[in-house]
Amino acid sequence: MNPSSQELLIDIRGLKTHFPLDEGVVKAVDGVDLSIHRNRTLCVVGESGCGKSITARSILQIVDKPGRIVEGSILYYRQSGMGNVEVIDLAALDPYGAAIRDIRGKEISMVFQEPMTSLSPVHTIGRQITEAIRLHMPLSKREAKAHAIEMLRHVGIPQPELRFDDYPFQLSGGMRQRAMIAMALSCNPSLVIADEPTTAVDVTTQAQILELLARLQAEHGMAVMLITHDLGVVAETADDVAVMYLGQVVEFGTVEQIFFSPKHPYTRALLKSIPTMSRRAQGRLDSIRGMVPDPFNRPQGCPFHTRCEEKIAGVCDRIAPPRITLEDGRDVRCLLYAQDIEMTPVQDAA
Amino acid sequence: MTSEAQIMTPEVRPDPAVEEEARIYVASQWKLTWWRFRKHKVAMVSGAIVIFVYLVALFAEFLAPFPTDMYNSRYTFAPPQRVHLFLSTEEGLKFQPHVNGFDVEIDPVALRRTFVVDPDVVYPIGFFVEGFSYRLLGLFETNIHLIGPINPADPMYLLGADRLGRDVFSRLVFGTRISMSIGLVGVFLSFILGILLGGVSGLYGGMADNLIQRLIEFIRSVPTIPLWLGLAAALPMTWSPLAVYFGITVILSLIGWTDLARVVRGRFLTLRTEDFVMAARLDGASQQRIIWKYMVPSFTSHIIASLTLAIPGMILAETALSFLGLGLRPPIVSWGVLLQEAQNIRAVATAPWLLTPGIAVVVTVLALNFLGDGLRDAADPYSRG
Amino acid sequence: MLGFIARRILYAIPTFFAVSIVAFIIIQLPPGDYLTTLVASMASQGETVDPAALEALRNRYGLGEPIWVQYFKWMSNIFLRGDFGQSFEWNQPVASLIWNRLFLSFMLSLSTLLFVWAVALPVGIYSAVRQYSLGDYAFTFLGFIGLAIPNFLLALLLMYIGFRFFGQSVGGLFSPEYQEAPWSWAKFVDMLSHLWIPIVIIGTAGTASLIRIMRANLLDELRKPYVVTARAKGLPEHQVILRYPVRVALNPFVSTIGWVLPALISGEAITAIVLSLPTTGPLLLRALMSQDMYLAGSFILMLSTLTIIGTLLSDVLLALLDPRIRLE
Ligand SMILES: Nc1ncnc2c1ncn2[C@@H]1O[C@H](COP(=O)(O)OP(=O)(O)O)[C@@H](O)[C@H]1O
Ligand SMILES: [Mg+2]
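First to last, the sequence lines map onto chains A, B and C. Sequential numbering from 0 applies to the first sequence in numbering that gives the first Met the number 0. Sequential numbering from 0 applies to the second sequence in numbering that gives the first Met the number 0. Sequential numbering from 0 applies to the third sequence in numbering that gives the first Met the number 0.
This is how it looks when you write it as structure tokens:
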């Protein structure tokens, strides 16, 4: 399972998204590299505040002001009929321009964390879905409505004709998130980004929503970027995994590589924090020694060295580790492997 | 930034040290408020203006060259005089502040009097001159005034004269006292009502809260000016000016307490659930003690902001009522009473300086509003209005 | 929805009675009752009153009877016969004096409300979307000034400017030739050309506060996640703003009628006095000055009732706009 053998969809290189505030610059995303492939699910994991959401929003250029992409590229390999592939750098597009708006909601769509606040409280869900459909598809009002109802049925909402006229506050949390997913899928996108889609719903609904996403991914043949901080979810749904720490991807590989032979000390610490793989509820990522550094005062050198159990004194606190591609195709940002590459071939620990 | 964060950190937990920690909390709250307030340049300037206006009110007799009722029919509607600093004499320019006299000409067609400055008539003026005698702050008998004609009988109209030839500047200074004090007294009465009813509402909830909320809604749903007019018109003409003054203040505050009551109630409601109040309650402190010791200090800054924002409403209401002739009555002088002189458009056209009390109203209200806004932002950076 | 409206109407009824009691108290406040005033004023003109007529009047208003009987008679006369009492100053039934003026007051307040909205909405949106821009600061400052200038002072100032620099008087609602003319299209147009001055005067303070409210509401809404959702759909930015946060912020904006309307009616009264408009203000003031209490009380009653009805309508409008209220 080498990711690069698959068809590339999104290739992020050196992405930096910063928030210039009065108090200083918040480097929310500070050199992210990752790629998303067609028909695969990428899970992005990391502690709260490490820049997962901002990375996702950067792809669509919907970062809140004053946040701005300051560096890097987001290459989008768009399929333009007849098997041709056109490459667009999303990071270079004007956030208010027509080019990016044409991609938003149509080719790349998003499912947000809180369906209650992410849907407008004063518009029916039908209206919110048909709006997206009419924006991107040449359909009449009636056809758009029929399509929206079809989508609602598709995501498992009972009596979709009636629910079409409901307001978000009339639906249960699970139903709301389904409606959100219906909206995201309505234009048959090639990538759906789901930003912690299950944090706001109860455990049973959570499982249902994830199953739904997996089913839809298989049926529609799209790519999914699933942001979560639940390693159990990752194990069940991911094809590829990106582990983030303080605005960077510290390790990026297939789910097998990450779970069976984690290379980065942070990934290892994360996995150790789960007692057993099956007890998902305890698999939260906040049980690592030490505190996440203040976003205004990022540590020198490797951002993780303040908490790292394998840090090399005098090295890790000075040199910022580059992205290192190991033999098995995964990427890791750790100076432990910088030497490995020079001296000895990497051995797969599994 | 960091020092603020450190000071805010001590959280109050239910333990015997609660009282001590609550004190720290309150103290730092004040400091925080002050730091945040200082950042508001406009509010700082406004604060200075407000202080200045109150000083004028306090030292009105000292600042005003003439008593309010001194008239001179020779100078009916006399325009403001220019103050000249130097006098040209035979020996050359000499430093001698003075104003010039007028030649009065009567236009035989329009039967209007026009004032022509006569540079030959010189009325020397000066600082700390003798004038009418008064008690400074009600304590010391004196007759020194900040500015005035050296010879008290000379005319000096810095802001012109009204239809009886009274000095608008002196009247404006005295009007400041009445208008500003009505604002304060009215807000004080409103505040008593507001804190009583709002406090009951927020503290006890239930039936009392419901009733008081309905009452507030009712008062807010009726147009105030007709109501004010109706009540003010009922004050007997036979009352003394002082009684009218208090009558008007009571009427203004009877309608003006609702906003303050809302603020107080809101504060009580949020505070009722706050940690340190709960802690004190668990500690077995009595209800009274909880209120005065913990709840009141922690919202004083909000209350001060709300009070500041309530004063302009009072001033504007008094001005409007007096302007219409239903508020304060002469011989009391307030900004509204002064503006009554400007009610007639012909009077304004001949003597636009009669509108100067309007400038005082606008500047003062503006300053109080900016100040109150700054105070509120400083007291609670998360609430915007 | 219907239940909601019914409940609001039920709410309004006690408010109406409270208002009527206040108006009645104001009528009763001056010493002496209507008849003594009447007798006194007629005596001063050297006339005497027929004792039988006096007795009939005494019966009609329940004078001399307990206060609550008087209140009851006053109310039922209004409800059953449209009889608001007698104005002794005009020697006419109050009802024949107030309706025309109330209508004009109502028109003026309504036009001002529309003006206030038409200005405050776009300016508020602009100020929120371009927060801390030069324009935002300018509007904020203008707004503060607007709040600080009393209506009557603004009216005086405009009158002075009109008189001094344009040599014309800006008072009144009609040109002299239409003053007494019956209603016609030409008279209506003439009124519109006079109307804008009082509208600007009455509306300034309300506009200023509504701009600040709209700005604050919209700033709150602009931060909400559903705005990002709309953006992520691919909507153009202006549609994102107008269809979603502005639409949501409209609800609290509409509900401000509840206090904007009383303020406008207040402002209308005082502005009308300065500009001598043929609306309720001048007549109310005159009635109060001469203690023509039935006239004054009726004005206060009707102005307050107008406000109550206006607030009721704004609640219904709010329910139409906000599904959370409509469907609860
Ligand atoms: N609007 C904003 N203004 C300033 N900082 C922000 C803003 N949004 C996010 N950040 C900062 O960016 C960092 C990453 O945020 P985010 O991507 O939301 O984290 P998460 O991984 O939990 O999704 C955080 O440290 C946060 O403080
Ligand atoms: Mg997030």
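For every residue, glycine included, the Cβ atom is placed at its ideal position computed from N, Cα and C. Please read all numbers here as calculations on a predicted model, not as lab measurements.
For residue i, the three-state DSSP class (helix, strand or coil)
| i | result |
| --- | --- |
| A/Val-233 | helix |
| A/Lys-15 | strand |
| B/Gly-100 | strand |
| A/Ser-34 | strand |
| B/Ala-402 | Residue 402 of chain B is absent from the model: chain B starts at 0 and stops at 384. |
| B/His-144 | strand |
| C/Phe-87 | coil |
| A/Ile-61 | coil |
| C/Asp-49 | coil |
| A/Glu-6 | coil |
| B/Ile-23 | Caution applies to B/Ile-23, whose pLDDT of 46 falls short of 50 and renders its modelled position unreliable; the value that the coordinates give is listed next. Helix at B/Ile-23. |
| C/Ala-17 | helix |
| A/Val-240 | strand |
| C/Pro-244 | helix |
| B/Gly-123 | The sequence given here places Pro at residue 123 of chain B; Gly does not occur at that position. Three-state result, B/Pro-123: strand. |
| A/Gly-155 | coil |
| C/Tyr-125 | helix |
| A/Tyr-95 | coil |
| B/Ala-160 | strand |
| C/Phe-151 | helix |
| A/Arg-322 | coil |
| A/Gln-299 | coil |
| A/Ala-199 | coil |
Close beta carbons around residue i, own chain, < 6 Å, minus the five adjacent residues each side
| i | result |
| --- | --- |
| B/Ile-194 | Val-263 |
| C/Glu-220 | Pro-244, Val-247 and Ala-248 |
| C/Ala-268 | Gly-280 |
| B/Gln-80 | Val-98 and Tyr-156 |
| A/Val-223 | Thr-40, Val-191 and Gln-216 |
| B/Leu-84 | Pro-96 |
Endpoints, beta strand (DSSP E) assigned at residue i
| i | result |
| --- | --- |
| A/Ile-87 | 84-88 |
| A/Ala-312 | Per DSSP, A/Ala-312 belongs to no beta strand (DSSP E) and is neither H nor E. |
| A/Arg-77 | 67-78 |
| B/Gly-255 | Where B/Gly-255 is concerned, there is no enclosing beta strand (DSSP E), although the alpha helix (DSSP H) it sits in stretches over 240-255. |
| A/Gly-252 | 247-253 |
| B/Thr-88 | 83-88 |
| B/Thr-75 | No beta strand (DSSP E) contains B/Thr-75, which DSSP labels as neither H nor E. |
| A/Ala-193 | 190-194 |
| C/Arg-285 | Per DSSP, C/Arg-285 belongs to no beta strand (DSSP E); it is in the alpha helix (DSSP H), 279-288. |
| C/Met-0 | Unbroken run through C/Met-0: none, as it is neither H nor E. |
heavy atom of ligand 4 below 7 Å from residue i C-beta
| i | result |
| --- | --- |
| A/Ser-52 | As presented, the structure is devoid of ligand 4, carrying ligand 1 and ligand 2 as its sole ligands. |
Proximal residues to residue i (C-beta, below 8 Å), its chain only, five neighbours per side dropped
| i | result |
| --- | --- |
| B/Ile-392 | The question about residue 392 of chain B has no answer here: the residues shown for chain B are numbered 0 through 384. |
| B/Gly-77 | Residue identity differs from the one stated: residue 77 of chain B is Ala in this sequence, not Gly. Within the same chain, B/Ala-77 has close Cβ partners Phe-101, Phe-114, Pro-154, Tyr-156, Gly-159, Ala-160 and Gly-164. |
| C/Ile-25 | Met-292, Ala-295, Gly-296 and Ile-299 |
| C/Ile-201 | Leu-107, Ser-108, Thr-111, Asn-150, Leu-263, Gly-266, Glu-267 and Thr-270 |
Below-8 Å beta-carbon distance, residue i vs any chain F residue
| i | result |
| --- | --- |
| C/Tyr-159 | Looking for chain F here will not work: the only protein chains present are A, B and C. |
Contacts around residue i, its chain only, beta-carbon distance under 7 Å, and the 5 residues preceding and following it disregarded
| i | result |
| --- | --- |
| A/Pro-19 | Pro-65 |
| B/Gly-312 | Gly-255 |
| C/Leu-101 | Thr-279 and Met-301 |
For residue i, the first and last residue of its enclosing alpha helix (DSSP H)
| i | result |
| --- | --- |
| B/Pro-356 | 355-378 |
| C/Ile-144 | 133-147 |
| B/Leu-210 | 205-220 |
| A/Val-121 | Counting along the chain, A/Val-121 falls outside any alpha helix (DSSP H), and DSSP gives it neither H nor E. |
| A/Thr-40 | It is not in any alpha helix (DSSP H) - A/Thr-40 instead sits in the beta strand (DSSP E) that spans 40-44. |
Checklist entry - Any chance the stretch 220-234 of chain B sits against the stretch 259-269 of chain C, with 3 or more Cβ pairs inside 8 Å? => result Touching, per the Cβ criterion.
Next on the checklist: With three or more beta-carbon pairs closer than 8 Å as the criterion, would you say the stretch 225-241 of chain C touches the stretch 200-207 of chain C?
Outcome noted: no
Item to check | the stretch 294-305 of chain A in contact with the stretch 240-249 of chain A per 3-pair CB rule at 8 Å | outcome: yes
Item to check | Touch test, the stretch 153-166 of chain A against the stretch 175-194 of chain A, Cβ-Cβ under 8 Å, three pairs minimum | outcome: yes
Item to check | Any 3 or more C-beta pairs closer than 8 Å across the stretch 113-132 of chain A and the stretch 70-86 of chain A | outcome: Short answer: they don't touch.
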